[in-house]
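Student: Take this structure, written in structure tokens, and hold onto it; I'll ask about it next.
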Amino acid sequence: MEPEFEQILSSSLPDTEKLARAFLSILHQRHTQSQNEIELQKALGDDQALLKEQIKSETLKYSGEILAFCYYRVTGRKMKDV
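Numbering (the working numbering), first residue to last: 74 to 155.
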């Protein structure tokens, strides 16, 4: 795993904060990879692979929205406060 991820897990933050930050760390990493893949598929002109990556990217985005909603309901704070 990424050093940032390990730092989050070994921090003294409450478990709820660790979970949210660790999930976001992985989510951002995967989203960046997906965006790079989208650019590659555009350059290659592979419409089928491009569509697949666009769906993946939107799914990742939606996952973040679900996390933000649940985090707010559990903590009473918005994700940007993390």
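Backbone N, C-alpha and C fix where the C-beta goes; we use that ideal spot for every residue, glycine too.
What does the Cβ neighbour count give for Tyr145, buried or exposed, with the cut at 16 atoms within 10 Å?
Tutor: Exposed, by the Cβ-count rule.
Student: Please report how far the alpha carbon of Glu138 lies from the alpha carbon of Ser98, in whole angstroms.
Tutor: Cα to Cα, the separation comes out at about 14 Å.
Student: Whole angstroms are fine: how far does the CA of Leu133 sit from the CA of Asp120?
Tutor: Approximately 20 Å between the Cα atoms of the pair.
Student: Would Ser130 pass as a contact of Ile111 if the rule is Cβ separation under 9 Å?
Tutor: Yes. Within cutoff.
Student: Tell me the rounded alpha-carbon separation between Arg150 and Ala116.
Tutor: Each residue's Cα considered, the two are about 41 Å apart.
Student: Can you tell me whether Arg103 is helix, strand or coil according to DSSP?
Tutor: Three-state result, Arg103: helix.
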